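K.L.:
Submitted below is the structure of interest, expressed as structure tokens.
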Amino acid sequence: MTHHHHPLEGAGKEGRIIVSIGLNFLIALVEVVGGVLAGSLSLVSDALHNFSDAVSLIISLIAVKLAQRERTEESTFGYKRTEILAALLNASILIVVSFFLFKEAISRLFSVAPINSTLMIVVAGIGLIANLAAVFILHKDARSDMNIKSAYLHLFLDTLSSAAVIAGGLCIYFFKIYWIDSLLTILIGGYVLKEGYGLICDSLHILMQKTPKGIDLKDIQREVQEIEGIQNIHHLHVWEITDGDIHLECHINLSADIKI
0 MTHHHHPLEG
10 AGKEGRIIVS
20 IGLNFLIALV
30 EVVGGVLAGS
40 LSLVSDALHN
50 FSDAVSLIIS
60 LIAVKLAQRE
70 RTEESTFGYK
80 RTEILAALLN
90 ASILIVVSFF
100 LFKEAISRLF
110 SVAPINSTLM
120 IVVAGIGLIA
130 NLAAVFILHK
140 DARSDMNIKS
150 AYLHLFLDTL
160 SSAAVIAGGL
170 CIYFFKIYWI
180 DSLLTILIGG
190 YVLKEGYGLI
200 CDSLHILMQK
210 TPKGIDLKDI
220 QREVQEIEGI
230 QNIHHLHVWE
240 ITDGDIHLEC
250 HINLSADIKI
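Numbering (numbering that gives the first Met the number 0), first residue to last: 0 to 259.
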């Protein structure tokens, strides 16, 4: 069965990304204002996550547009690799953001300040709803596109962090445990660091043209050499242009010359 690419599918993906960008800029603005007024570092850190989400989505949108360009004699594979570069850049942003959160949270542990927990819970609740909407919008595209998956991961992590901020706000409201705000920030930052590192490894695996995971070159060599008329196979290379776009190159010696 031949697969046909429909331009409308790309247009639909771009539209979903644009909606998600708008949602994240809105969340970031609300949470920055709410975090400053409430005195909550975890709320401000959540806003920073959402701002980085919006930036990562813009990068992803640019990559999607570039990837749609036709291949040329100078770029025989087209511009598909821009999506992997976007995933690498987005993951790098996640790493930088997580270290910033660690620094702020640790300094805050030694200078605990009163926090308006009611405002913290309300603002984080707004962020949670908006993040859930953005996650739902991009869920389908994230399953088949590493570029979108990297941006989707930003959004998914923010959904978790918004829920954590709400839980922290409830602890402050009922038990006056103000240090929970810094602890949540450190935990959120740790999870962001772990996932960002994983994405960087996956992106570099493709960019370094390593053999795709799950593929054994010896198995390929053995299967091909069992075909009648093939003497041996050598100079075997298997790599990915982008996530799931696998290419193979090799030299094959035949048992007899091909008659034309």
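Cβ coordinates follow ideal geometry from the N, Cα and C atoms, glycine included. Predicted, not measured: the structure shown is a model, and the values here were computed from it.
Using a threshold of 9 Å, state whether the C-beta atoms of residue 40 and residue 129 are closer than that.
P.N.:
Against a cut-off of 9 Å, the Cβ pair of residue 129 and residue 40 comes out as no contact.
K.L.:
CB residue 216 to CB residue 210, shorter than 9 Å?
P.N.:
Taking 9 Å as the Cβ cut-off, residue 216 and residue 210 qualify as a contacting pair.
K.L.:
Pull up the distance between the alpha-carbon of residue 0 and that of residue 222, whole angstroms please.
P.N.:
Bear in mind that a pLDDT of 37 at residue 0, under 50, signals an unreliable position, so the model cannot answer this.
K.L.:
Here's the rule: buried if 16 or more other CB atoms are within 10 angstroms of the residue's CB, otherwise exposed. What is residue 246?
P.N.:
By the neighbour-count rule (16 or more Cβ atoms within 10 Å), residue 246 is not buried but exposed.
K.L.:
Of the choices 243, 242, 240 and 232, whose alpha-carbon is the least far from that of residue 249?
P.N.:
The option with the nearest alpha carbon to residue 249 is 232.
K.L.:
May I ask you to verify whether the segment 161 to 173 touches the segment 25 to 45, counting CB pairs closer than 8 Å and requiring at least 3?
P.N.:
Yes: the two stretches touch, three or more of their Cβ pairs being nearer than 8 Å.
K.L.:
Got a sec? Which residues, its chain only, sit under 7 Å from residue 81 by beta carbon, not counting five neighbours each side?
P.N.:
Cβ within range, chain order: 62, 65 and 66.
K.L.:
When you compare the CB positions of residue 228 and residue 255, do they come within less than 9 Å of one another, or not?
P.N.:
Cβ atoms of residue 228 and residue 255: closer than 9 Å.
K.L.:
Just the C-alpha distance for residue 109 and residue 184, rounded to the nearest angstrom, thanks.
P.N.:
The straight-line gap from Cα to Cα measures roughly 14 Å.
K.L.:
If residue 86 sits next to residue 49, beta carbons under 8 Å apart, how far is it from one beta carbon to the other, in whole angstroms?
P.N.:
In fact, because the Cβ distance is near 19 Å, the residues do not count as touching under 8 Å.
K.L.:
Under the three-state reduction of DSSP, which class applies to residue 244: helix, strand or coil?
P.N.:
In the structure shown, residue 244 sits in a strand (DSSP, three-state: E or B).
K.L.:
Applying the criterion that 16 or more other CB atoms from any shown protein chain within 10 Å of the CB defines a buried residue, is residue 36 buried or exposed?
P.N.:
Classification for residue 36: exposed.
K.L.:
What does the alpha-carbon distance come out to for the pair residue 140 and residue 26?
P.N.:
In a straight line, the C-alpha of residue 140 is about 22 Å away from that of residue 26.
K.L.:
In the DSSP assignment, the alpha helix (DSSP H) including residue 262 goes from what residue to what residue?
P.N.:
It is not possible to answer for residue 262, since the shown part of the chain is limited to 0 through 259.
K.L.:
Which class does residue 194 belong to by DSSP, given the choice of helix, strand or coil?
P.N.:
If DSSP states are grouped into helix, strand and coil, residue 194 belongs with the helices.
K.L.:
Keeping to the same chain, check which residues put their C-beta closer than 7 Å to that of residue 118; ignore five residues upstream and five downstream.
P.N.:
Counting only Cβ-Cβ distances below 7 Å, and skipping sequence neighbours, we find 33, 36 and 37.
K.L.:
Could I get the ranges of all uninterrupted alpha helix (DSSP H) runs contained in the segment 132 to 181, with 4 residues as the minimum, in chain order?
P.N.:
Whole alpha helix (DSSP H) segments, 4+ residues: 145 to 174.
K.L.:
Can you tell me the Cβ-Cβ gap for residue 22 and residue 150, rounded? I've got them flagged as a contact below 8 Å.
P.N.:
Their Cβ separation, rounded to whole angstroms, is 12 Å, which puts residue 22 and residue 150 out of contact at 8 Å.
K.L.:
Rounded to the nearest angstrom, what separates residue 169 and residue 45 at their Cα positions?
P.N.:
Answer to the nearest angstrom: the Cα atoms are 16 Å apart.
K.L.:
Note down the Cα distance separating residue 219 from residue 240, rounded to an integer number of angstroms.
P.N.:
Spanning the two alpha carbons is a distance of roughly 19 Å.
K.L.:
If I'm right that residue 195 touches residue 83 with Cβ under 8 Å, what's the distance once you round it to whole angstroms?
P.N.:
Not a contact, Cβ separation roughly 15 Å.
K.L.:
Keeping to the same chain, check which residues put their C-beta closer than 7 Å to that of residue 224; ignore five residues upstream and five downstream.
P.N.:
Around residue 224: 231 and 232.
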